[in-house]
Amino acid sequence: MNLRELAKNHVLGNPTRLAVMIYLLPRDRVLFKELLSVLDLTPGNLDSHLRTLEKAGYVKVYKVFADRPRTAVRITDEGARKTMEYLKALRKALSDVAGSGLPPL
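Oh and the sequence shown: position 84 is 90 in this note's numbering, straight run, nothing missing.
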């Protein structure tokens, strides 16, 4: 993935959606309520971002039943792969900038 592809990735190029994916990477599943708390979002805002991620095939949103129905989110294999590719490309772009003689950020 190069800079052009980074710029064209409208799903992971959004900071909130990227934060959701980074949070999900090391976890099996996360409850909607946990994501709300961790990311400090409104329910409608988080729902909108999750719908975009689900439409892209990056996450699966589903109901779990314990003491009451709850909404859970799971990262898909495709979502994990695409997120890792995006993060590697971002790291390379930052490394290229750091190696260009520009002052550090």
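Positions of the beta carbon are idealized from the N, C-alpha and C atoms, including for glycine.
Bear in mind the structure is a predicted one, so any value in this text is a computation, not a measurement.
Residue i: CB within 7 Å of a non-hydrogen atom of the ligand FAD
i: residue 87; result: The model depicted lacks the ligand FAD and carries no ligand whatsoever.
Identity of the residue in the options nearest residue i by Cα
i: residue 86; options: 32, 70 and 15; result: 32
i: residue 66; options: 91, 38, 42 and 92; result: 38
i: residue 78; options: 20, 68 and 17; result: 68
i: residue 63; options: 70, 81, 49 and 48; result: 81
i: residue 26; options: 103, 54, 12 and 14; result: 54
i: residue 14; options: 100, 92, 101 and 98; result: 92
i: residue 51; options: 75, 34 and 23; result: 23
i: residue 76; options: 21, 40, 34 and 83; result: 40
Burial state of residue i, where buried means 16 or more other Cβ atoms lie within 10 Å
i: residue 61; result: exposed
i: residue 89; result: buried
C-beta atoms of residue i and residue j nearer than 8 Å
i: residue 42; j: residue 36; result: no
i: residue 45; j: residue 96; result: no
i: residue 72; j: residue 9; result: no
i: residue 17; j: residue 59; result: yes
Enumerate, from N- to C-terminal direction, the unbroken alpha helix (DSSP H) stretches of 4 or more residues contained entirely within the stretch 43 to 81. Fully enclosed alpha helix (DSSP H) runs of 4 or longer: 49 to 61.
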